Amino acid sequence: MCPHQPSCPPAEALDREAARTMAAHPEQGWSLLCNGVVLFDDTGEILPDGGVIEPHRPLAGVA
């Protein structure tokens, strides 16, 4: 449960990455968000239920 007001988006929401950072480990390339999501520097995610979101970096422009 998120103690912030307004509450952070839940892990199931499409905007889950907007949750506040609770623990940051930039030297290891990951952060723990308030909603339980582990967010990696490559934009991959691990959800609290063990689900995985593949990295979703924007693609480079097409020449």
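Under my numbering, the first residue of the sequence shown is numbered 9, with each subsequent residue one higher. Glycine included, C-beta positions come from ideal geometry on N, C-alpha and C. The structure presented is a predicted model; accordingly, all values stated were derived computationally and were not measured.
- Between the alpha carbons of L55 and R28 lies a gap of roughly 15 Å.
- The three-state secondary structure of A26, taken from DSSP, is helix.
- When only Cα atoms are considered, F48 and G37 end up about 6 Å apart.
- Per the coordinates, the alpha-carbon of E25 lies some 8 Å from the alpha-carbon of V45.
- Listed in chain order, the non-local C-beta contacts of H64 below 6 Å within the same chain comprise T51, local neighbours out to five positions each way being set aside.
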